[in-house]
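Comments concern the structure below.
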Amino acid sequence: MSQPLVPQTAKDLAWARENPSFNVTAMSWFLHGGADMLERRENVEKVLAADPIFSKKNSFPEEILYSLAFHTLKFTNFFLNIRMQAIHEPRRGEGIPANTTALRLMDGLRISKRLIILRDEIPWDVEDYRIALSLVDARLPITLHYGGFIPVILSQGNTQQIRKWIIPAERHAIIGCYAQTELGHGSNVAGLETTATYNSVREQFVIHSPSLTAAKWWIGGLGVLSTHAVVQCPSGPLVSTAPGINLECRTYRTHIEMPSTKSFCSLQSTEDHKPLPGITIGDIGPKAYGGFSSIDNGFVLFDYVRIPRENMLMKFAKVTKEGKYIKPVHDKLSYGSMVTLRVGMINDAGWELGRAVTVATRYCTVRRQFNAPADSSPSPGTLEAQVISYSAVRARLFPLIALSYALIIASRTVTEMFEIMSAQLANEETDLLGQVHALTCGLKSWGTRKSAEGIEECRKAMGGHGFSAFSGISEMFANYIPTNTYEGDNFVLTQQTARFLLKELQKASTGTETLTDHSNYIQRSIKTTGPIDLSRASLLDPHTQLILFEVRATRVTIDLAEQVQAGREWPGLNMECWNASSAHTEYIVLRCFVERVKELETDSVVSSLDKRDVAGLKRALKKLCDLYAIYTLSSGLTSFLSTQTLLPENVQSVNQHLRDLLNETAADAVPVTDAFAFSDYYLNSALGRYDGQSYQGLWEAAQAEPANTEQWRRKAYEVGSLGTDYLEVSTVQSSQCEIIKPILKRGENEELIKLAKL
Ligand SMILES: Cc1cc2nc3c(=O)[nH]c(=O)nc-3n(C[C@H](O)[C@H](O)[C@H](O)COP(=O)(O)OP(=O)(O)OC[C@H]3O[C@@H](n4cnc5c(N)ncnc54)[C@H](O)[C@@H]3O)c2cc1C
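First residue of the sequence shown: 446, per the numbering used here; consecutive thereafter.
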């Protein structure tokens, strides 16, 4: 179709882009860390978009769709067969399947393979490859190899171990995962049951799963692909039925909960990919909302599997030949690898939310409902109102734009701290570890929750079409939502931040020790009493904003401390911990944002821009920072009022500022989301197309649905041949396959139709 179906929508979006108050390209450079990073992204994307393996279109063979739709009975067998097919080149038709778990998993494997081949062929360097992995936008069986397996070896392995395993891992001669969680325990690591019992005669560990609940479960990449795993075991048993000498658990309980081991373990043969003796391995099956369907979260049981002593990752904790456990110099050294993953998740929280809000902002700009107010369109009176002009749509979307910017900017600060901390850890210095651990626990919990809620809000803000899978939001949500759980359940992690804050509060109260850079506000605000006087201060003054946020955070922590002192048990204080951690995190995020805006001129990317562009960027970022601050104040009023940081008479002013900021953001809403520089390929959304042709996008996507082909519809009516190379359907009786025809033609229906003269 050469002519757009609804030309007005393209005009609407073009109009929204006509007069941005800042240089959009410069903002993209700022967000992405430079023009070269964007160029890299575009180059990598060109390769991906041209390769059918990475197509995000729903173009899979109609035979397969049809068969799966009618033969769920065979689905289980099919799922098992995936394992065998995946080892060899799977036989598939053209196109990429998109909406069944097993096919998506096969896709995940194919995409992983193609990426690995391209990395070597092109070749892509580490950064390009990271970009490629993020652009394909699928949770892949290979993801945890890079995100869990390799980083843990690098951070917890000694020099020999790194030398031995990293090159094979980087060449994919071995593929691994990180296996910690078990069927019976996840959050409580000390409750893990898998044992690593040391046998000093053979100098081996014996890894064993003593019960069903000891099965490692949920492990990304384990279900099909991984040949190896880093396995987390809390300890050897005190009494073991297996031959071996136990670790001296009791001796070390005073130092850490238990001597735990992270061991490098072979799971499946690198020759024929069959499970090795003593290993029972498999996929845990479909996941909520169809999310994570292209990744093989798996299980494994160990039956007295022997591994050499040298397979225990021994950078920090060690076991000698004689079986003596040597504890790490610092108990917290093992936190390092967890922090790595969380730092990445904070960054993702911003970009994923940015993506959802880009789609929603574009679509709400082209969507029109009801009569337009006179000043809301280029041709007033002739068109209905753009839904983006409604205050409730603005109130839901614009703060999310500000939040995504805030998260991206805060993640940059955390990444810088993390890099300093990593360099320190390499020398076994742990000065920053406690602070960064608490910071990332708080940011990960708050950021992933806010982002997930925001993605769903974007869907709702788009009305009915938001519920179409072609909006791209539902799949994004399904894949994003488990971030609230993995790498530490959010409500468990916030307790770590809360404990840190209580310690800092204690230090501030006694005045004996120096607080960390990110918590020394407690020292200042502990002395303030009563509400912050806003009579002579502007809510748009960053200094005032920071004072409000730090006083509120301190008082929420004081409240938690008082509850503890009053004798309330820790398990009863989960929500108080959440509140303290969130108030602290909201302050940190604001501080990062305020500092970036203040020092914008010194930013390495921005410093090369001309002065007018820098000033424009600064104004736009300041506005978004204000919106983040005022929206957070407004949505957290209960906490600001109950801690008496604000007074009820201030509420009007907060809300008025929010209304003003929402209106002021409107003119730049599309440009600030354009600045994320998401391509149509990446967004994969009919509604969020750059050209504004949302209706055409929806129309075309619907036309391509296999269920709209004549052949498919015929088969739905009277099931005929089932030919497919994916399913063996011979055991399914044809009567089980027929669906519509038997409904219409059953019993005396034909007579009834005649009688009714239909
Ligand atoms: C998609 C996905 C991928 C994963 N990938 C991996 C992987 O690759 N490797 C791996 O090892 N693991 C993986 N996991 C497991 C994940 O890390 C755990 O599920 C997570 O840490 C939560 O632990 P849990 O399942 O034991 O939850 P539980 O601890 O059982 O949580 C259940 C509920 O109890 C609450 N709760 C539990 N303890 C407390 C407490 N002390 N205080 C207050 N509330 C509490 C939680 O908030 C939650 O509401 C993955 C999980 C998912 C969903």
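Glycine residues also receive a C-beta, built at the ideal position from the N, C-alpha and C atoms.
Query - Rounded separation between Ile865 and Gly879 - CA only - result: Your numbering for residue 865 matches position 420 in the sequence shown. Your numbering for residue 879 matches position 434 in the sequence shown. When only Cα atoms are considered, Ile865 and Gly879 end up about 13 Å apart.
Query raised in the report: Can you list, in chain order, the residues of its chain whose CB lies under 8 Å from that of Arg894, leaving out five sequence neighbours each side?
Result: Counting from one through the sequence shown, the residue named residue 894 turns up at place 449. The residues are Asn929 and Asn935.
Query raised in the report: Going by beta carbon distance, what residues of the same chain come within less than 7 Å of Ala801, once the five residues before and after it are set aside?
Result: Along the sequence shown, one-based indexing puts residue 801 at 356. Correct list, in chain order: Gly899, Ile900, Cys903, Ile918 and Met921.
Report task. Look at the alpha carbon of Val669 and the alpha carbon of Asp582, and state the distance between them as a whole number of angstroms. Result -> By one-based count along the sequence shown, residue 669 stands at place 224. By one-based count along the sequence shown, residue 582 stands at place 137. Roughly 20 Å between the two C-alpha positions.
Report task. State the CB to CB distance for the pair Ser1226 and Leu938, rounded to an integer number of angstroms; the pair is presumed to be in contact (CB under 8 Å). Result -> Because the chain is modelled from 446 through 1203, residue 1226 falls outside the range shown and cannot be assessed.
Requested in this report: Can you have a look at Val571 and say buried or exposed, based on whether 16 or more other CB atoms are within 10 angstroms of its CB?
Outcome: On the sequence shown, position 126 is the one that residue 571 refers to. Residue environment analysis places Val571 among the exposed positions, since fewer than 16 neighbouring C-beta atoms fall within 10 angstroms of its C-beta.
Requested in this report: Can you tell me which of the three DSSP states Thr989 falls into?
Outcome: The residue given as residue 989 occupies position 544 in the sequence shown. Three-state result, Thr989: helix.
Report task. Return yes when the C-beta of Asp934 is under 7 Å from any heavy atom of ligand 1, and no when it is not. Result -> Indexing the sequence shown from 1 puts residue 934 at position 489. Yes, the Cβ of Asp934 comes within 7 Å of a heavy atom of ligand 1.
Requested in this report: Consider the C-beta atom of Gln940 and the heavy atoms of ligand 1; say whether any pair is separated by less than 7 Å.
Outcome: By 1-based counting over the sequence shown, the position of residue 940 is 495. Yes, since a heavy atom of ligand 1 falls inside the 7 Å radius drawn around the Cβ of Gln940.
Requested in this report: Could you please give me the residues that DSSP links to Ala624 through a beta bridge?
Outcome: On the sequence shown, position 179 is the one that residue 624 refers to. Val676.
Query raised in the report: Taking Cβ positions, are Cys678 and Ala641 nearer each other than 8 Å?
Result: Stepping through the sequence shown from its first residue, residue 678 is reached at position 233. Stepping through the sequence shown from its first residue, residue 641 is reached at position 196. Yes; because the gap between Cβ atoms is below 8 Å, this pair is in contact.
Query raised in the report: Between Gln1089, Thr1088, Gly593 and Tyr1073, which lies nearest to Ala840 when the distance is taken from Cα to Cα?
Result: In the sequence shown, residue 840 corresponds to position 395, counting from 1. Nearest Cα to Ala840 within the set Gln1089, Thr1088, Gly593 and Tyr1073: Tyr1073.
**Report entry** Three CB pairs or more closer than 8 Å across the region 586 to 594 and the region 556 to 576
**Finding:** yes
Report task. Determine the extent of the alpha helix (DSSP H) in which Thr1118 is found, giving its start and end residues. Result -> To locate residue 1118, count along the sequence shown from 1; it is residue 673. Its alpha helix (DSSP H) spans residues Ala1114 to Asp1119.
Query raised in the report: Which class does Ile412 belong to by DSSP, given the choice of helix, strand or coil?
Result: One cannot answer for residue 412 here, as it falls past the ends of the chain, which runs 446 to 1203.
Query - Simplified DSSP state of Asn1153, which is helix, strand or coil - result: Your numbering for residue 1153 matches position 708 in the sequence shown. Looking at Asn1153 - three-state DSSP - the assignment turns out to be helix.
Requested in this report: Kindly indicate if chain D contains any beta-carbon less than 8 Å away from that of Ala1146.
Outcome: Reference to chain D is not applicable here, since this structure consists of a single protein chain.
Report task. Go through its chain and collect everything with a Cβ distance to Leu984's Cβ below 6 Å, but skip five positions before and after it. Result -> Locating residue 984 in the sequence shown gives position 539, counting from the first residue. Cβ within range, chain order: His1102.
**Report entry** Spatial distance of Ala886 from Glu638 (CA atoms)
**Finding:** In the sequence shown, counting from the first residue as 1, residue 886 sits at position 441. In the sequence shown, counting from the first residue as 1, residue 638 sits at position 193. The question names Ala, yet the displayed sequence has Cys at residue 886. If I take the Cα positions, the gap works out to 25 Å.
Query - Whole-angstrom distance between Asn1194 and Leu1200, CA atom to CA atom - result: Residue numbering aside, residue 1200 sits at position 755 when the sequence shown is read from its first letter. Residue numbering aside, residue 1194 sits at position 749 when the sequence shown is read from its first letter. If you draw a straight line from the Cα of Leu1200 to the Cα of Asn1194, it comes to about 10 Å.
Query raised in the report: From the DSSP output, which residues share a beta bridge with Met1213?
Result: The shown model of the chain, from 446 to 1203, leaves out residue 1213, and the question about it has no answer.
Query raised in the report: Three or more C-beta pairs closer than 8 Å, one from the region 455 to 469 and one from the region 1120 to 1139: is that the case here?
Result: Counting Cβ pairs under 8 Å, three or more are found: they touch.
Query raised in the report: Considering only residues of the same chain and omitting the five flanking positions on each side of Leu888, which have a CB-CB separation below 6 Å?
Result: Taking the sequence shown and counting its residues from 1, the one referred to as residue 888 is at position 443. Once the five neighbours on either side are set aside, the close Cβ partners of Leu888 are Ile791 and Thr1030.
Query raised in the report: Does the separation of the CB atoms of Val489 and Asp573 fall below 8 Å?
Result: To locate residue 489, count along the sequence shown from 1; it is residue 44. To locate residue 573, count along the sequence shown from 1; it is residue 128. The answer is yes: Cβ separation under 8 Å.
Query raised in the report: To the nearest whole angstrom, what separates the beta carbons of Arg813 and Leu828, a pair I think is in contact under 8 Å?
Result: Residue numbering aside, residue 813 sits at position 368 when the sequence shown is read from its first letter. Residue numbering aside, residue 828 sits at position 383 when the sequence shown is read from its first letter. Confirmed, about 6 Å.
Query raised in the report: When burial is assigned at 16 or more other CB atoms within 10 Å of the CB, is Ala897 buried or exposed?
Result: As a working mapping, residue 897 is identified with position 452 in the sequence shown. With 16 or more Cβ atoms within 10 Å of its Cβ, Ala897 is classed as buried.
Query raised in the report: How big is the Cα-Cα spacing for Asn816 and Ile1075?
Result: Stepping through the sequence shown from its first residue, residue 816 is reached at position 371. Stepping through the sequence shown from its first residue, residue 1075 is reached at position 630. Each residue's alpha carbon lies about 31 Å from the other.
Query raised in the report: Relative to ligand 1, is the shortest distance from any of its heavy atoms to the C-beta of Gln625 smaller than 7 Å?
Result: For the purposes of this step, residue 625 is taken as residue 180 along the sequence shown, with counting starting at 1. Checking every heavy atom of ligand 1 against the Cβ of Gln625, one is found closer than 7 Å.
Report task. Name the one or two DSSP bridge partners that His653 has. Result -> Reading the sequence shown from its first residue, position 208 is the one you call residue 653. Thr640.
Requested in this report: Write down every uninterrupted run of the beta strand (DSSP E) in the region 872 to 903 whose length is 3 residues or greater and which is fully enclosed by it, in chain order.
Outcome: none
Query raised in the report: His1062 lies in the alpha helix (DSSP H); which residues open and close that run?
Result: Taking the first residue of the sequence shown as position 1, residue 1062 is located at position 617. The question names His, but residue 1062 in the sequence shown is Leu. Element bounds for Leu1062: Lys1056 to Ser1080.
Query - Limits of the unbroken beta strand (DSSP E) element including Phe744 - result: Counted from its first residue, the sequence shown places residue 744 at position 299. Element bounds for Phe744: Gly743 to Phe747.
Query raised in the report: Would you report the Cα separation of Pro722 and Val1009, rounded to the nearest angstrom?
Result: What you label residue 722 is simply residue 277 of the sequence shown in a count that begins at 1. What you label residue 1009 is simply residue 564 of the sequence shown in a count that begins at 1. For Pro722 and Val1009, the distance between alpha carbons rounds to 51 Å.
Report task. Use the C-beta contact count for Val1174: other C-beta atoms within 10 angstroms, 16 or more gives buried, fewer gives exposed. Result -> The sequence position of residue 1174 within the sequence shown is 729, counting from 1. Since pLDDT at Val1174 reaches only 39, below the 50 mark, its modelled position is unreliable, and no value is offered.
Query raised in the report: Taking three-plus beta-carbon pairs below 8 Å as touching, is the region 996 to 1014 in contact with the region 964 to 983?
Result: yes
Query raised in the report: Between the C-alpha atoms of Lys760 and Thr604, what's the straight-line distance to the nearest angstrom?
Result: Locating residue 760 in the sequence shown gives position 315, counting from the first residue. Locating residue 604 in the sequence shown gives position 159, counting from the first residue. Using only the alpha carbons, I get a separation of about 8 Å.
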